[in-house]
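Beneath this line is the structure, given in C-alpha cells, with notes to follow.
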Amino acid sequence: MKPLIEAAIVDVCSNTSTLSCGKVVIMDLGCSSGPNAVALVSITLEATHSHFLQLQQPPPEVCVLLNDLPYNDFNVVVKSLVPLRKMNEPVVVTGVVPGSFYERLFPGGSLHLICSSNILNWLSKRYRLLEI
1 MKPLIEAAIV DVCSNTSTLS CGKVVIMDLG CSSGPNAVAL VSITLEATHS
51 HFLQLQQPPP EVCVLLNDLP YNDFNVVVKS LVPLRKMNEP VVVTGVVPGS
101 FYERLFPGGS LHLICSSNIL NWLSKRYRLL EI
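Be aware that the sequence shown starts at 1, since it is given in UniProt numbering, and climbs by one per residue.
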C-alpha cells in the first residue's frame, strides 16, 4: 500500500492548483478505531514530507480527516490523532467525519486524496464512477 500512497502524493502535489493553495486535504474512509486508525494517513504524511524535502520546498499544511460510521468509537480515533497534530512540519490539522461513505460527506473538489483499506470489506453495492 505504501508505494501506491507515495505515488498518489507525488501526483497530488505535482498538481499546480494543489500547490497554489498551500494545503492538502486527506481523508481515510472507513478508518475503524484502534492503532490502525491512522496507519494510512501516517504513511501519507510521511510521503508528503519526503516529497517536499526532495524538492527542497516547505511542505504544505495538511488537513487529515478520518471517516467511519457514527457508531464507531471516535474517542479512540481522536486519541490516535494526537501524535499527528504534534508534528511541526507540515502543519497538521485533524478531524473526524461520522457518516456512511455511500452518502456525500463533502462538497465537490474539497478533498485532494482519499484513501481506504477497510471499506473494501464492507461494500454492499457498486460505486458509480465520478467525473471530476
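Where is the CB? At the ideal position from N, CA and C, for every residue including glycine.
- At the C-beta level, Val24 and Val38 stay beyond 8 Å of one another.
- Restricting attention to Val10, Ile43, Val97, the CA atom closest to the CA of Gln54 is found in Val10.
- In the three-state DSSP reduction, Val41 falls in the helix class (H, G or I).
- Just measuring C-alpha positions, the residue of Asn15, Pro58, Leu40, Thr94 sitting nearest Phe74 is Thr94.
- Per DSSP, Cys13 is not a residue of any beta strand (DSSP E); the alpha helix (DSSP H) it occupies stretches across 2-14.
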